[in-house]
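K.L.:
Taken in order, these protein sequences are the chains called P and C. Sequential numbering of the first sequence, starting at 380, is according to my numbering. Sequential numbering of the second sequence, starting at 294, is according to my numbering. We put the beta carbon where it would ideally sit given N, CA and C, even for glycine.
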Amino acid sequence: MPDLIIASVMTMMTAATPLMFAATGELVCERSGVLNLGVEGMMLIGAVFGFATAAVTGNAPLGLLMAGVAGLLASLIFAALTLSLLSNQVATGLALTIFGTGLSALVGFDYVGETIERITAIHLPVLSDLPVVGRLLFGHDPLVYLSLGLLAGVTWFLSHSRWGMILRAVGDSDVSAHAIGYPVVLIRYAAVAFGGMMAGLGGGYLSLVYTPLWAENMAAGRGWIALALVVFANWRPERVLFGAILFGGITILQLNAQAAGVGIPAAFMSMLPYIATIVVLVLISRDAIKIRLNAPACLGRPFRAER
Amino acid sequence: MKYLVKLVVVTFAAVLSLGAISTASADKLKVGFIYIGPPGDHGWTYAHDQGRLTVEDQLGDRVETTFVEGVPEGPDAERAIAKLAETGHKLIFTTSFGYMEPTLKVAKRFPDVKFEHATGYKQADNVATYSARFYEGRYVQGQIAAKISKSGIIGYIASFPIPEVVRGINAFMLGAQSINSDMKVKVVWAYTWFDPPKEADAAKVLMDQGADIITQHTDSTAAIQAAADRGIKAFGQASDMIHFAPKTQLTAIIDEWGPYYVARTQAVLDGTWTSGDTWHGMGPGMVVMAPFTNMPESVRQMAIETTAALTSGKLHAFTGPIYNQAGELVVAAGEVAPDFPMLATMNFYVQGVDDKLPE
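1. Can you pull out the residues from the segment 427-440 of chain P whose beta carbon lies closer than 7 Å to at least one beta carbon of chain C?
2. Three-state secondary structure (DSSP) at D647 (chain C)?
3. Using a Cβ cut-off of 8 Å, pull out every chain C residue sitting near P591 (chain P), in sequence order please.
4. Under the assumption that F430 (chain P) contacts L587 (chain P) (Cβ atoms under 8 Å), give the Cβ distance between them as a whole number of angstroms.
5. Could you check whether the Cβ of I631 (chain P) sits closer than 8 Å to any Cβ belonging to chain C?
6. For D548 (chain C), report the span of its alpha helix (DSSP H) as first-last.
7. At 8 Å on the CB atoms, spell out the chain C contacts of N635 (chain P), in chain order.
8. Identify the continuous beta strand (DSSP E) that holds K386 (chain C) and give its terminal residues.
9. Going by C-alpha to C-alpha distance, which of C:Q502, C:I441, C:N640 sits closest to I384 (chain P)?
10. What residue range does the beta strand (DSSP E) around W679 (chain C) cover?
11. Can S568 (chain C) and D418 (chain C) be called in contact, C-beta distance under 8 Å?
12. Less than 8 Å separating the beta-carbons of V433 (chain C) and M582 (chain C)?
13. Are the C-beta atoms of G627 (chain C) and some chain P residue less than 8 Å apart?
14. How many Å lie between W337 (chain C) and G344 (chain C) at the Cα?
15. Here's the rule: buried if 16 or more other CB atoms are within 10 angstroms of the residue's CB, otherwise exposed. What is Q594 (chain C)?
16. By Cβ distance, which residues of its chain are closer than 7 Å to Q755 (chain P), with the 5 residues on each side in sequence left out?
17. Pull up the distance between the alpha-carbon of L406 (chain P) and that of W614 (chain P), whole angstroms please.
18. Go through its chain and collect everything with a Cβ distance to L606 (chain P)'s Cβ below 7 Å, but skip five positions before and after it.
19. Output the distance between the C-alpha atoms of A625 (chain C) and Q644 (chain C), rounded to the nearest integer angstrom.
20. Give the secondary structure of M582 (chain C) by DSSP, where H, G and I count as helix, E and B as strand, and everything else as coil.
21. With 8 Å as the limit, tell me which residues of the segment 535-559 of chain C have their beta carbon closer than that to any beta carbon of chain P; keep them in chain order.
22. Pull up the CB-CB distance for T461 (chain P) and T471 (chain P), whole angstroms please, since I reckon it's below 8 Å.
23. When DSSP builds the beta bridges, which residues end up paired with I559 (chain P)?
24. Quick check: what's the CA-CA separation for S555 (chain P) versus A401 (chain P)?
25. Straight-line CA distance for F611 (chain C) to D350 (chain C)?
26. Quick check: E357 (chain C) and G330 (chain C), are their CB atoms within less than 8 Å of each other?
27. Would you mind telling me which residues of chain C sit closer than 7 Å to M392 (chain P), beta carbon to beta carbon, in chain order?
28. Does any residue of chain P have a CB that is nearer than 8 Å to the CB of S513 (chain C)?
29. Report the neighbours of G689 (chain P) on chain C: residues whose CB is nearer than 7 Å to its CB, in chain order.
30. Determine whether the beta carbon atoms of H573 (chain C) and A425 (chain C) lie at a separation below 8 Å.
31. Considering Cα atoms alone, identify which of C:I437, C:G606, C:F641, C:D488 is closest to G620 (chain C).
32. Can you pull out the residues from the segment 463-490 of chain C whose beta carbon lies closer than 9 Å to at least one beta carbon of chain P?
33. Pick helix, strand or coil for K477 (chain C), following the three-state DSSP scheme.
34. According to DSSP, H410 (chain C) sits in a beta bridge with which residue or residues?
35. Would you call M544 (chain P) buried or exposed, if buried means 16 or more other Cβ atoms sit within 10 Å of its Cβ?
36. For a cutoff of 8 Å on Cβ pairs, would you count V303 (chain C) as touching chain P?
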C-alpha cells in the first residue's frame with residue numbers, strides 16, 4: 380500500500396508539471412494585464428520544435444531549450460499584434476491556438492513515429508535510495524524541479540522584487556503606471572514572452588519527458604486547463620502549485636480509482652477540476668473586494684499611451 | 294473551445310484534401326477514407342492507411358484515393374462523409390465505430406455511393422460493414438501474459454465500452470484463464486482512442502497498481518513506451534510497434550486491411566459490389582500477429598501453436614464453458630459463442646475480469 384501511494388504521488392507530479400509550467404507563465408502574463416488564450420497553441424509549438432530538435436541532434440536538453448524558444452517566438456507574434464497593433468486579445472489568443480495547432484501538425488509531419496532518448500529521472504546516490512522520502516523528494520525527472528524552482532522564483536519576483544511590483548502595477552492600472560513613467564508596453568512584451576517560453580517548456584515536457592514522441596494535437600487541452608488553473612489560483616502563484624497538483628492529480632486518481640475497481644464514473648471524475656474552477660469563481664465573485672485585490676484590473680484591456 | 298479548434302482544423306483538412314482531388318481526371322474511381330486519428334499514429338489509423346496504400350499500389354491506374362484524418366465521431370463525421378460523397382467519391386470507407394449513424398445518414402442521401410463502415414453492426418443497401426476478429430489475437434496475448442506475468446495482474450487500457458473492446462477484454466481474460474485460472478485483469482477506461490499523454494497516464498497508473506504486463510486498446514505508442522520506461526513487457530496495438538519498444542513488445546495484433554480494401558474496390562469497379570457483413574480473423578489473414586519477441590522459447594512455441602489453431606479454426610477463442618461475472622453459464626461446455634447476437638453485441642464481462650463494465 381505505501382508503495383502504491385508513493386508511486387501514485389510520483390505519477391501525479393509528472394501530470395502536474397506541464398500544467399505548472401504553462402500556468403506559471405500565463406499567470407505572469409495575466410498579472411501584467413494581458414490575457415493570452417494561445418497557451419494551447421504555444422504548448423504544441425514548443426512540443427513539436429523541442430521534439431524535432433531532439434530527434435535531429437539526439438540531444439534532449441537542447442530540445443527542451445528549443446521548446447522554450449519556440450514558445451517565446453510564438454508569443455511574440457501575439458504580443459506584436461495585441462500590444463503594438465492593439466488587436467483584440469481574446470480573438471488573437473484564439474487565433475494563436477488555432478495557428479499553433481496547424482503549424483505544429485505541419486512541422487511535426489515528418490517526425491511522427493520517430494523515437495528519441497528521453498530525459499530520465501535523476502538518481503542521487505544515498506538520497507534517492509532513502510526509504511519513502513528518497514523517491515518522493517529526490518526521484519523525479521529534472522524538469523519537475525525546474526518547474527518548482529521557476530514557480531518559487533515567480534512567487535518571490537511578484538511579491539518581493541521591485542520589477543515584480545511594477546509588473547503588477549502595469550496590470551492593475553496601466554494608465555497610472557504610464558503616468559509615473561514606466562514603459563507599460565515593454566513590460567507587457569516581457570511578460571507575454573515569459574508566458575510563451577513557459578508554455579513552450581510545458582509542451583516540451585510533454586514531447587520529451589512525458590511521452591517521448593510527437594503526435595498531432597498531443598497537448599490535448601492541457602493549455603486550456605492551465606488557463607483555468609490561473610483563474611482557479613485567483614492569480615496567486617503559490618496557489619498554482621496546489622491547483623496543478625489537484626488538476627493533474629485528479630486525472631491520475633480517476634484512473635487509479637478505475638484500476639482499483641472503485642465505482643465512480645470516470646466522466647464524473649474528469650469533470651471535477653472544472654467544477655472546482657467554477658466553484659472557486661463563484662466564491663470569489665461573491666466578494667468584490669477579493670476580486671479587486673487579485674484579478675488584474677486591466678486584464679484584457681488594450682493600452683494606448685496618451686501623450 | 295477545444296471543440297471549436299478541432300472543428301476548424303477538420304474543416305480545413307476536409308476543404309484542402311477535397312480541393313486537391315477535385316481537379317483530378319473523371320474516369321477513375323474515387324475512393325474515400327475517413328480516419329479517426331492521424332495516419333501517423335502507428336496504430337489503428339496507420340493500419341487503415343496501409344490498406345489504402347495497398348489499394349493505390351494494386352489498382353492505382355484505375356482508382357484514386359482520398360483520406361480525411363482526425364475526424365471526430367459525431368456531427369463533424371457526417372459533414373466529412375457527405376463532403377466526400379458530394380465530390381464524386383463512389384466508395385467510402387469510414388473506419389471507426391462511432392461513424393455508424395453518420396454513415397447510415399449520409400448513405401440515405403447518396404444511394405449510388407457505396408459505403409463501408411468498420412466495426413459497426415448496422416447495414417443498409419449501400420452500407421456494408423466489416424471488421425476483423427481482433428479478439429483472436431487477444432486470446433493469444435492473454436495466454437502469453439499469463440505465462441510471463443509474475444504479479445498475476447495484467448493492466449488493460451480500454452478506450453470506449455463498445456462491443457469490440459469488451460470482446461477483446463473477454464478474449465484476453467479467457468486466454469489468460471486457459472493457462473492460470475487466478476489471473477487478474479485490471480481495466481482502465483481512457484475514453485479516448487488517441488491521447489498519448491492520457492494513454493501513458495493510464496499505463497503508469499496500472500503499473501503503480503502492480504500490473505506487470507500492459508496491453509491496450511487505444512491507438513498510440515505511448516502506453517508501450519511508458520511500459521518500456523519501467524522495464525515492463527507490453528503488447529502493441531493494431532500495428533507492429535516493436536520499433537518504439539524493442540525490448541518491451543511481446544507481440545502485437547496487426548490489422549491487415551489491404552486485401553479487403555482491394556477486393557471491395559475491385560467489386561465496385563466490376564459492378565459486383567453488394568452490401569453485407571464481413572468479419573474475418575486469422576484464417577483469411579485479416580488479423581496477423583507480429584513476431585513473438587522478448588519471451589522464453591517455450592512461451593513462444595505455445596503462442597505459435599495457439600495462433601495456428603485459431604488460424605485453422607480448430608480453436609475458437611470463445612469456447613464454453615464461459616461464465617459471466619454473476620457466475621451464470623452463458624456458453625455451455627464444448628459449445629462456441631455465436632457471432633450474433635452474443636459476440637457482435639457483447640455487453641458483459643466474463644468471470645474474472647476485475648472491473649465493472651461502464652453503462
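P.N.:
From the atom records:
1. Listed in sequence order: no entries.
2. The answer is strand: DSSP assigns D647 (chain C) an E or B state.
3. By Cβ distance, chain C contributes Q518.
4. 7 Å between Cβ atoms; contact.
5. Residue contact check for I631 (chain P) against chain C: a CB pair falls below 8 Å.
6. Annotation: D548 (chain C) is outside any alpha helix (DSSP H); the continuous beta strand (DSSP E) that includes it extends over 542-548.
7. Neighbours of N635 (chain P) on chain C, chain order: V498, D501, Q502.
8. The identity of residue 386 (chain C) in the sequence shown is Phe, whereas the question assumes Lys. F386 (chain C) -> beta strand (DSSP E) spans 384-387.
9. Cα-wise, what sits closest to I384 (chain P) is C:Q502.
10. Summary: the structure shown does not reach residue 679 (chain C), with chain C confined to residues 294 through 652, and so no result is reported for it.
11. Less than 8 Å divides the Cβ of S568 (chain C) from the Cβ of D418 (chain C).
12. Contact: yes.
13. It does not; no Cβ of chain P falls within 8 Å.
14. Roughly 11 Å separates the two Cα atoms.
15. With fewer than 16 Cβ atoms within 10 Å of its Cβ, Q594 (chain C) is classed as exposed.
16. Nothing in the structure corresponds to residue 755 (chain P), since chain P is present only between 380 and 686.
17. Straight across, the Cα-Cα distance linking L406 (chain P) with W614 (chain P) is about 6 Å.
18. Its chain contains E405, L416, V418 as the residues whose beta carbon lies nearer than 7 Å to that of L606 (chain P), once the 5 sequence neighbours on both sides are disregarded; these appear in chain order.
19. Each residue's alpha carbon lies about 14 Å from the other.
20. Correct three-state label for M582 (chain C): strand.
21. With the criterion set as a beta carbon lying under 8 Å from some beta carbon of chain P, the members of the segment 535-559 of chain C are H536, F537, in sequence order.
22. Yes, T461 (chain P) and T471 (chain P) are in contact; Cβ-Cβ is about 5 Å, under 8 Å.
23. Residue pairing of I559 (chain P) in beta bridges, as defined by DSSP: absent, with no partner found.
24. Cα-Cα distance, rounded: 29 Å.
25. Answer to the nearest angstrom: the Cα atoms are 37 Å apart.
26. Cβ distance not < 8 Å, so E357 (chain C) and G330 (chain C) don't count as in contact.
27. What M392 (chain P) touches in chain C: nothing, since even the nearest Cβ is about 11 Å away.
28. Yes, because at least one Cβ of chain P sits closer than 8 Å to the Cβ of S513 (chain C).
29. Here chain P covers residues 380 to 686 and nothing more, so residue 689 (chain P) does not appear.
30. Yes. Within cutoff.
31. Nearest C-alpha to G620 (chain C): C:F641.
32. Those would be K479, V480, V481, W482, A483, Y484, T485, F487, D488, P489, P490, in chain order.
33. Here K477 (chain C) carries a strand assignment [DSSP, helix/strand/coil].
34. In DSSP, H410 (chain C) forms a bridge with C:T387, C:T422.
35. Note on M544 (chain P): under 16 other CB atoms within 10 angstroms of its CB, so exposed under the neighbour-count rule.
36. With a pLDDT of only 48 at V303 (chain C), under 50, the local geometry of the prediction cannot be trusted, and the value read off the model is given with reservation. With a threshold of 8 Å between beta carbons, V303 (chain C) makes no contact with chain P.
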